[in-house]
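*Asks:* Chains as they are written, first to last, in my numbering: chain Y, 1 to 332; chain G, 333 to 762.
Before anything else, here's the structure in question.
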Amino acid sequence: MIEAINDALDIMLSHDPTVIIMGEDVGYFGGVFRATAGLQEKHGKNRVFDTPISECGIIGAAVGMGAYGLRPVPEIQFADYIYPGMDQLISEAARLRYRSAGEFIAPLTVRSPFGGGIFGGQTHSQSPESLFTHVAGLKTVIPSTPYDAKGLLIAAIEDNDPVIFFEPKRIYNGPFNGYYDKPVEPWKNHKDSRVPEGYYSIPLGKARTVRKGDALTVLTYGTMVHVSEAVCREKGVDAEIIDLRTLVPLDIEAIEASVEKTGRCLIVHEATRTSGFGAELSALVTERCFYHLEAPVERVTGFDTPYPHSLEWAYFPGPIRIGEAIDKILEA
Amino acid sequence: MATRPSGTGQAGHNRPALSFHVPEPKYRPGDAVDFSDLKISEPGAQPRPDETCLAIETAPLANDLIRVLGDDNQAHGPWDPRLDPETLRAMLRNMALTRAFDERMYRGQRQGKTSFYMKCTGEEATSIAASMALAADDMVFPSYRQQGILIARGYPLVEMINQIYSNRGDKLKGRQLPIMYSSRAHSFFTISGNLATQTPQAVGWAMASAMRGDSRIAATWVGEGSTAEGDFHAACLFATVYNAPVILNVVNNQWAISSFSGFAGGERATFAARGVGYGIASLRVDGNDPLACYAAELWAANRARANAGPTLIEHFSYRAEGHSTSDDPSQYRSAQERAEWPLGDPIMRLKDHLIALGEWDDERQEKLDLESAEQVKAATKEAEKNGILGHGLHHPFHTMFEDVFEELPWHLEEQAAQAIREREIKWPQP
Ligand SMILES: Cc1ncc(C[n+]2csc(CCOP(=O)(O)OP(=O)(O)O)c2C)c(N)n1
């Protein structure tokens, strides 16, 4: 997946002279996850450059660059460090179009690795997506495969609205199945790992049906797509798994169609539970599909604690938590 | 580990007790004011370094006060921009018009035509004179007290009033608080109510201009109180790191609502001196001296255009009026401050200078003031045809949902339908 992201950035830098990449360590070094490796060398320091450790400055400057007419793609090294730049995202980037009635826009794509499972402790593991989905004017995109990462990132960069692009870092190098103590297959053996060469994009706001099924609908995104899939496969549950891909705008049609068909819905995400995006999904499904539901909507999430370092696998919403929730839904 | 004495945390311990410092302004309501201890430099006495000098060479100027106009109403010294009388008169006209505009809009707010207004009385030079030294297409990232820039750039008064009234003529569709203008056509960035956020944005814009090999520069304005925000420090850092062609104007009008400049750190250092630590060329100017404001801005603009980097300018001024229509300054500061302010009034100083040059007289000034008032009055009448705040002549409800995103997503379309449905119940059409 990291190569697919690098490829998407490379293509957009070549394709559109207004695209620029900035962030801590992204230039010469190519980023701590190597997502921007080789890009400065290829496209020059005018297009790909390092920044001070100042998320407020990174996002604030990117807003100004966007207003100028560039398409900045700032990287925030870890999603946990996006908070010093939050005001610039929430009050500025998100509202520029609105408050200027379209005179100024902030077409930035903020890339940031998020989620746990790499022993990152409480400051390198958080999933803050619902802080952004709550803000009017921001789009939130989360890929789960290399193919999607490339196509969605290209679409995000081309989008004229500010986009938060969260990269599930646990699956940068392989589709994690939730078993932390078993080796993880690399992407190259995975069915969704084939990444076509060259330019293609995947429209924002369109979910992906990971597998079809009739027993229940699983709504999920990011790393949890793979964990959910592994659990359903192992349990032999005929689940329909929907990878939302973008939380805002949300593919409500795909959600409604699936839940109306299966009558049962499980929501899985890694972020903390209270006021998480699962709450929004649960409310939407209940409001819109109530008369099709045969069981209460269930949520599987991280716990309402910071991400603990030594106990991260106890925190992680893994196969046991998902399995129990599936049983509960199917028994209801 | 070395042993060290430990305190009991109680009074009476034999180590000296620490005391907590909370800044306090010199004068509160009722106090007699004495500004004689303010260090006010001699006009014309400040050296004018080359625009491409090393930033550090400006350090003495960050603690001095650049002044041009003297008590004799003549221009002095190397910072005299030597403007021709026509430009000086244009400057005076812009300043008089801004003051007339403020006066009328303030009254409009009192008459209930809008919710809020902010005057820039006494600070006109910091925006008008300064921005007149920029090119018309240099991008400005103002705060909320730089209406003078729009006026100097010829933005129609009617548009400004439409915005203040949030009426159906407001091209911002009634979404912004009054005075938070935007005009891309006038290279005037949309104003934010979140203080100091515009400063790193201006730097980013300037960086982009440099990246693209453009020739336009950026300038931003921020109040001295707002320099306390992290954004301002991020802006200084990015400006210096990337040698951005940007001017950071700090308008030190002494007060941030009821907090005096000491709460932004002004007790211990000048605001211009902030720039020195970042390696930014830094100037401190008499903000009530239009010629000094113009000259400093021009110096900084030339420096930026020469790829010599950013400049921070502190405009040392005084907020003659309240913070906004929502506050009463007599509750927290001495009423004498305004009258005693030793740097005078920028409009009067410019007027007296033009008179001293033989290029103006009191009669013409009277006429100008009258004309300005008439011009604003006519614009107000025109704007009122589009409605005033809360009188129903606003934009259609659907516009509330537009421009959140480039395209309307399903959830906003649904919410728009709801708002329109509710309208029929709340405000039935006859
Ligand atoms: C982030 C933020 N905090 C607080 C406020 C409320 N507020 C509005 S104006 C103001 C004072 C600003 O003072 P200063 O920067 O000196 O500018 P001045 O009004 O004196 O021109 C405050 C605290 C705000 N708008 N934004």
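The beta carbon of each residue, even a glycine, is placed where N, CA and C say it ideally should be.
No experiment lies behind these values; they were computed from the predicted model shown.
Rounded to whole angstroms, what is the Cα-Cα separation between L509 of chain G and R477 of chain G?
*Replies:* If you take the alpha carbons of L509 of chain G and R477 of chain G, they lie about 13 Å apart.
*Asks:* List the DSSP bridge partners of M581 of chain G.
*Replies:* For the record, residue 581 of chain G in the displayed sequence is Asn; it is not Met. DSSP, once it has assigned bridges, lists G:W553, G:I645 as partnering N581 of chain G.
*Asks:* Note the first and the last residue of the continuous alpha helix (DSSP H) segment covering T390 of chain G.
*Replies:* Here T390 of chain G belongs to no alpha helix (DSSP H), and DSSP marks it neither H nor E.
*Asks:* Please report the distance separating the alpha-carbon of D366 of chain G from that of Y359 of chain G.
*Replies:* About 9 Å.
*Asks:* Kindly indicate which three-state DSSP category F33 of chain Y falls into: helix, strand or coil?
*Replies:* Residue state, collapsed to three classes: coil.
*Asks:* Counting only runs that start and end within the region 35-83 of chain Y, where is the alpha helix (DSSP H) found for 4 or more residues in a row?
*Replies:* List check, alpha helix (DSSP H) in window: 39-43, 55-68.
*Asks:* Going by C-alpha distance, which of Y:Y200, Y:T133, Y:P183, Y:N177 is nearest E229 of chain Y?
*Replies:* Of Y:Y200, Y:T133, Y:P183, Y:N177, the residue nearest in Cα terms is Y:N177.
*Asks:* Just tell me which of Y:A295, Y:Y307, Y:K182, Y:T301 has its CA closest to the CA of D327 of chain Y.
*Replies:* Measuring from the Cα of D327 of chain Y, the nearest candidate turns out to be Y:A295.
*Asks:* Have a look at G:A432, G:S463, G:R500, G:I388 and flag the residue whose alpha-carbon is nearest the alpha-carbon of L630 of chain G.
*Replies:* Cα-wise, what sits closest to L630 of chain G is G:S463.
*Asks:* Pick helix, strand or coil for I241 of chain Y, following the three-state DSSP scheme.
*Replies:* I241 of chain Y falls in the strand class under three-state DSSP.
*Asks:* Do we get a CB-CB distance below 8 Å when we pair W411 of chain G with the residues of chain Y?
*Replies:* False, the Cβ-Cβ gap to chain Y never drops below 8 Å.
*Asks:* Can you list, in chain order, the residues of its chain with a C-beta nearer than 8 Å to that of P317 of chain Y? Leave out the 5 residues immediately preceding and following it.
*Replies:* Only M224, V227, V268, H269, E270, V300, T301, G302 meet the Cβ criterion.
*Asks:* Apart from the five residues just before and just after R670 of chain G, which ones in its own chain have a Cβ nearer than 6 Å to its Cβ?
*Replies:* Contacts found: A652.
*Asks:* Against chain Y, does D735 of chain G count as a neighbour if the rule is that its beta carbon must be under 8 Å from one of theirs?
*Replies:* Closer than 8 Å to some Cβ of chain Y, the Cβ of D735 of chain G qualifies, so yes.
*Asks:* Under 8 Å, Cβ to Cβ, is there at least one residue of chain Y near E745 of chain G?
*Replies:* Not an interface residue.
*Asks:* If you measure from the CB of N620 of chain G, is any heavy atom of ligand 1 nearer than 7 Å?
*Replies:* Checking the Cβ of N620 of chain G against ligand 1 gives no.
*Asks:* Would you grab the beta carbon distance between G402 of chain G and P678 of chain G for me? Rounded to a whole angstrom, and I think it's under 8 Å.
*Replies:* About 15 Å separates the two Cβ atoms, so there is no contact after all.
*Asks:* Any heavy atom of ligand 1 inside 7 Å of the beta-carbon of R245 of chain Y?
*Replies:* No; taking the cut-off as 7 Å, the Cβ of R245 of chain Y has no heavy atom of ligand 1 nearer than that.
*Asks:* Is the distance from the Cβ of A711 of chain G to the Cβ of A432 of chain G below 8 Å?
*Replies:* No, these two residues do not count as a Cβ contact at 8 Å.
*Asks:* Taking Cβ to Cβ, would you say A156 of chain Y is nearer than 8 Å to I5 of chain Y?
*Replies:* No.
*Asks:* My understanding is that E129 of chain Y touches F166 of chain Y, with C-beta atoms under 8 Å, so please give their C-beta distance in whole angstroms.
*Replies:* Sure, about 6 Å apart at Cβ, within 8 Å.
*Asks:* Roughly how many angstroms lie between the CA atoms of G724 of chain G and F277 of chain Y, to the nearest whole one?
*Replies:* Using only the alpha carbons, I get a separation of about 38 Å.
*Asks:* Could you check if M732 of chain G is buried or exposed, using at least 16 other CB atoms within 10 Å of its CB as the buried criterion?
*Replies:* So M732 of chain G counts as buried.
*Asks:* So, does the CB of Y315 of chain Y fall closer than 8 Å to a CB anywhere in chain G?
*Replies:* By this cut-off, Y315 of chain Y is not an interface position.
*Asks:* Is any non-hydrogen atom of ligand 1 found closer than 7 Å to the C-beta of E561 of chain G, if you look at the structure I gave you?
*Replies:* Yes, since a heavy atom of ligand 1 falls inside the 7 Å radius drawn around the Cβ of E561 of chain G.
*Asks:* Whose Cβ in chain G lies nearer than 8 Å to the Cβ of D181 of chain Y?
*Replies:* Neighbours of D181 of chain Y on chain G: none; closest Cβ ~41 Å, over 8 Å.
*Asks:* In the structure shown, what three-state DSSP assignment does M224 of chain Y receive?
*Replies:* Reduced to three states, the DSSP call for M224 of chain Y is helix.
*Asks:* From Y:Y179, Y:D181, Y:D251, Y:K261, pick the residue whose C-alpha is nearest to that of K212 of chain Y; which is it?
*Replies:* Minimum Cα distance to K212 of chain Y is reached at Y:K261.
*Asks:* For I406 of chain G and Q441 of chain G, what's the separation of their Cα atoms in angstroms?
*Replies:* Looking at the sequence shown, residue 406 of chain G is not Ile but Gln. Cα to Cα, the separation comes out at about 39 Å.
*Asks:* When you compare only the Cα positions, how much space is there between T220 of chain Y and R436 of chain G?
*Replies:* Those two C-alpha atoms are separated by around 57 Å.
*Asks:* Taking 7 Å as the line, does the beta carbon of A588 of chain G fall inside it for any heavy atom of ligand 1?
*Replies:* Checking the Cβ of A588 of chain G against ligand 1 gives yes.
*Asks:* Does chain G have any CB closer than 8 Å to the CB of L131 of chain Y?
*Replies:* So, not an interface residue.
*Asks:* From the DSSP output, in three-state form, read off L429 of chain G for me.
*Replies:* Of the three classes helix, strand and coil, the one that applies to L429 of chain G here is helix, per DSSP.
*Asks:* My understanding is that S125 of chain Y touches G115 of chain Y, with C-beta atoms under 8 Å, so please give their C-beta distance in whole angstroms.
*Replies:* About 7 Å separates the two Cβ atoms, so the contact holds.
*Asks:* By DSSP, does E739 of chain G sit in helix, in strand, or in coil?
*Replies:* Coil at E739 of chain G, not helix or strand.
*Asks:* Give me whichever residues DSSP pairs with R208 of chain Y in a beta bridge.
*Replies:* In DSSP, R208 of chain Y forms a bridge with Y:D243.
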